[in-house]
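Residue numbers (the numbering used here): 101 to 720.
Laid out in structure tokens, this is it:
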């Protein structure tokens with residue numbers, strides 16, 4: 101029934117689009133925006149991979165109050181949250197695990213060597229974000245390690261204006277939020293500073309939280325060269341009722357700190373473009389099993405990553421060449437995992453080749469990564485060459501006409517185990533020093549259609565993954581054990597569609613629809629329970645409708661229906677409306693309007709119906 105309704109809606113939108121072609125008031129979608137990845141600069145309509153962009157306008161009008169909620173509205177993404185405000189959230193793409201997705205900020209990789217559970221610790225306040233680029237499928241050829249199933253690049257705000265804003269919000273569960281943003285254009289530089297404070301008593305026992313976010317960005321010149329600097333700090337303190345060990349562990353508590361500092365610039369000479377970056381990323385995690393008695397069981401992990409990255413691209417006789425490297429040093433100090441360190445070198449090269457006046461494009465490429473410690477730990481002979489890992493891939497595109505493009509790609513990738521996978525030890529969870537590397541071959545075929553105010557993309561993909569790491573056990577009394585669970589073949593289908601239009605006297609309207617279907621085939625299983633790998637989304641439907649009345653009232657409705665492989669399903673509807681009067685903006689957000697009872701991971705109940713009311717004051 102749901103698929104039938106979706107098909108009817110798609111048909112209706114396409115019909116409306118066709119009938120509106122002669123409407124002179126059509127809204128044209130951006131067709132020239134460049135994808136901000138370390139690869140060759142390619143227009144978002146010309147690449148031959150699956151890339152989706154969330155624009156600043158969509159971010160501002162969404163029902164989300166943080167990045168976790170925002171990504172929840174994208175089909176093919178699975179953000180498994182524990183508690184409100186995404187205090188702890190795991191990021192999954194196309195049915196992969198949270199360790200298999202790479203998060204970047206302005207192209208800087210912010211993965212954590214300890215565990216993928218910390219990936220979402222280093223997200224930014226929505227006020228600081230220009231757009232978010234989501235690459236689905238194997239991105240190992242572009243980024244190397246951790247881009248096993250895809251990558252998400254959060255791009256910070258570009259156009260800094262002279263403005264100061266104060267935002268105060270309150271709502272259910274005694275939620276209180278305060279945010280201040282200052283933007284200034286100076287003589288030879290500009291500056292953006294944002295501070296957010298969020299706290300709540302919690303929606304059930306031991307789910308209270310306090311969250312502080314700080315972000316600063318400055319663009320300035322040195323010897324006529326433009327330099328961009330960013331700094332971010334995020335601290336979270338929260339009750340973790342049932343978050344990790346088991347639903348019965350109701351007194352868990354956690355504190356995390358994540359910070360990043362980065363410098364970047366762009367050199368251009370003739371047609372050569374060089375983009376160097378320097379960065380440092382730190383994560384600290386303190387976990388206690390009993391909040392009132394930390395001495396019973398306490399973990400403290402501190403990780404650091406320092407790196408330099410240089411990427412270059414230039415046109416040549418056959419198309420465009422892209423090369424780059426990323427050299428980084430990571431270290432971990434932990435009372436549970438020990439003291440660990442690793443040096444990583446990632447080199448990539450790719451060549452985009454155009455045929456028949458750019459009607460056909462072919463882009464082969466490879467990333468090569470060296471890990472200083474992996475071969476020895478995995479019982480290989482310890483020498484430089486045995487520590488090299490190759491991530492080859494190739495894209496192929498065929499432009500049928502100026503509006504329609506067919507594409508396909510293939511890529512091979514690895515993921516080395518995290519330190520938690522290898523060495524963690526607790527009464528409920530055990531690592532495994534004998535783990536093998538995860539491996540996968542991903543194939544995809546899709547199409548992209550873009551004309552004026554309408555866009556449509558569809559893709560079919562298959563991922564043949566072996567030695568996938570999950571935490572498994574054979575009975576409920578046993579601890580979870582990190583293990584390689586043989587082979588998983590994942591077949592999937594995705595559809596996304598966007599349409600912008602006028603509706604009578606109303607201002608521009610927009611609707612976005614997404615659908616994904618995943619089928620996992622686990623081969624040769626010999627365990628009874630799986631914690632992560634076998635609970636991906638089977639079916640997912642997302643829809644967002646944004647409408648505006650005149651210039652001062654705008655509203656958004658978001659819909660999501662999800663069904664997991666274990667046949668657990670739920671429907672969520674959220675609503676936001678904003679009223680602008682002079683320098684004031686009043687907003688009302690209603691979450692989970694249907695008051696749906698659901699959980700996203702580890703049987704942790706998510707909040708029922710809740711609401712937020714906010715007021716924002718801005719001065720120029």
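Quick reminder that beta carbons are idealized off the backbone N, C-alpha and C, glycines included.
The beta-carbon separation of residue 421 and residue 456, rounded to 20 angstroms, does not stay under the 8 angstroms limit for a contact. If you draw a straight line from the Cα of residue 459 to the Cα of residue 417, it comes to about 16 angstroms.
Taking C-beta atoms under 8 angstroms as the contact rule, residue 309 and residue 227 fail to qualify, at a distance of about 19 angstroms.
The criterion of a C-beta distance shorter than 8 angstroms is satisfied by residue 511 and residue 238. Ranked by Cα distance from residue 201, the first of 208, 209, 207 and 191 is 191. Non-local beta-carbon contacts of residue 430 in its own chain, meaning distances under 6 angstroms to residues more than five positions away in sequence, involve 213, 405 and 442 in chain order.
Using a C-beta cut-off of 8 angstroms, the segment 310 to 324 makes contact with the segment 270 to 290, since at least three inter-stretch Cβ pairs fall below that distance. In this structure, residue 233 and residue 274 do not form a Cβ contact; the two beta carbons are roughly 36 angstroms apart against a cut-off of 8 angstroms. In this structure, residue 432 and residue 472 do not form a Cβ contact; the two beta carbons are roughly 14 angstroms apart against a cut-off of 8 angstroms. By the 16-neighbour rule on beta-carbons within 10 angstroms, residue 515 is buried. Assignment of residue 161 by DSSP, reduced to helix, strand and coil, places it in the helix class. One alpha carbon belongs to residue 519, the other to residue 437, and they sit about 7 angstroms apart. Residue 449 has 423 and 466 as its beta-bridge partners, per DSSP. For the pair residue 597 and residue 639, the CB atoms are not nearer than the 8 angstroms cut-off. Within the DSSP secondary-structure output, residue 592 pairs in a beta bridge with 561 and 618.
Residue 590 counts as buried, since at least 16 other C-beta atoms from the protein chains shown sit within 10 angstroms of its C-beta.
A check of alpha carbon separations from residue 622 across 665, 642 and 686 identifies 665 as the nearest. Annotation for residue 277: the continuous beta strand (DSSP E) segment containing it runs 275 to 285. Annotated three-state conformation of residue 272 is helix, per DSSP. For residue 520, no beta strand (DSSP E) run applies; the uninterrupted alpha helix (DSSP H) run containing it begins and ends at 519 to 523, by DSSP.
Looking at 347, 535 and 607, the one whose alpha-carbon comes closest to that of residue 699 is 347.
Contact between residue 235 and residue 149 holds, with the beta-carbon distance rounding to 6 angstroms and staying under 8 angstroms. Each of 702, 576 and 689 was checked against the Cα of residue 636, and the nearest Cα belongs to 702. Boundaries of the beta strand (DSSP E) harbouring residue 676: 669 to 681, taken from the DSSP string. Residue 655 sits in a strand when the DSSP states are folded into three classes.
Note that the C-beta distance between residue 225 and residue 279 is below 8 angstroms. Residue 410 and residue 493 have their C-alpha atoms spaced approximately 21 angstroms apart.
Look at residue 609 here: in three-state DSSP terms it is strand. If you draw a straight line from the Cα of residue 369 to the Cα of residue 641, it is about 46 angstroms long.
Apart from the 5 residues on each side of it in sequence, residue 529 sits with its Cβ closer than 7 angstroms to the Cβ of 571, 579 and 580 in its chain, given in chain order. By the Cβ criterion, the segment 359 to 368 is in contact with the segment 329 to 337, since at least three pairs of Cβ atoms, one from each stretch, lie closer than 8 angstroms. Here residue 152 is bridged, per DSSP, to 234.
Secondary structure note for residue 240: its alpha helix (DSSP H) is the uninterrupted segment 240 to 243. DSSP, read as helix, strand or coil, puts residue 227 in helix.
Two segments are said to touch when three or more pairs of C-beta atoms, one from each, lie closer than 8 angstroms; by this definition the segment 374 to 393 touches the segment 202 to 212.
Taking C-beta atoms under 8 angstroms as the contact rule, residue 565 and residue 582 fail to qualify, at a distance of about 16 angstroms.
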